[in-house]
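Report on one structure; see the data block that follows.
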Amino acid sequence: MPRTKGSRDRAFAEKRNALIGLARALLSSPAGRNASWREIAAACSVSVSTMNHYFADRGSLVAAIVELAESEGAPYLAMTREPSGPFAQSIADLVFMIAQGFTHGVLALQVIGLGEGFSAPGAAKAYLGHHLEPVLGAIATRLERHVALGEMVDTDVRFAAIALLSPLLVAHLHQSSLGGSQSHPMSLADFGTHHAAAFVRAYRTENA
0 MPRTKGSRDR AFAEKRNALI GLARALLSSP AGRNASWREI AAACSVSVST MNHYFADRGS
60 LVAAIVELAE SEGAPYLAMT REPSGPFAQS IADLVFMIAQ GFTHGVLALQ VIGLGEGFSA
120 PGAAKAYLGH HLEPVLGAIA TRLERHVALG EMVDTDVRFA AIALLSPLLV AHLHQSSLGG
180 SQSHPMSLAD FGTHHAAAFV RAYRTENA
């Protein structure tokens, strides 16, 4: 008996998502940074024609990786938007959550988005639109609520969101993807504590 359209659609989505996971693992590794389309297919244990069936090209694969991550990360973005306590505690919690995300797979997304985005405008657009901007927007929303509570100075919360996220991203790239843990080791936990405290000192109101 032939499969129904619904079952075919589910099977297609499941296979596509499996390929996305395998490709994400490759593209975030040193071996995958210059991988050809054929090498990506081989890492996914499929033929080039199968890859072409699910993805139009490398750019559409990268876009699919980022879009799936956006969908899977929606609950975490929702948590990011909401203050978790008074200003100092909320910022410490947020820094810890971002660091945990980097440690558990989100850093790989940065490696792919930045690496592929620098050489392909379509990949850059996908990374910005489906990952970096949503993350910055969620952080800015949390900060905006602290401003409304009178705990944070009235400032451009988008700029402040970039100021909060960027040092964490650089530190984790430094220690992980760039190999700094071997040549220039540092405690990421201590860095997170230092960064959160510095951010609070810079942006809290006198009453916070």
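Here the sequence shown is numbered in numbering that gives the first Met the number 0, starting from 0 and rising by one per residue. Glycine included, C-beta positions come from ideal geometry on N, C-alpha and C.
Item	Value
GLN99, buried or exposed, once every other Cβ within 10 Å from all chains shown has been counted against 16	exposed
Residues near MET0 by beta carbon distance below 6 Å, same chain, minus five either side	Any reading at MET0 must be qualified, since the residue scores a pLDDT of 47, below 50, and its modelled position is unreliable; no value is offered.
DSSP beta-bridge partners of MET151	ARG203
Distance between LEU142 and ASP153 (C-alpha atoms, nearest Å)	10 Å
Option nearest ALA62 by Cα separation, candidates GLY84, LYS124 and ALA107	LYS124
Buried/exposed call for THR102, threshold 16 Cβ in 10 Å	exposed
ASN51, enclosing alpha helix (DSSP H) - first and last residue	47 to 53
Contact under 9 Å by Cβ, LEU135 with TYR126	no
First and last residue of the uninterrupted alpha helix (DSSP H) at MET78	73 to 80
ALA107 vs GLY58 beta-carbon contact at 9 Å	no
C-beta contact flag for ALA170 and LEU187 at 9 Å	yes
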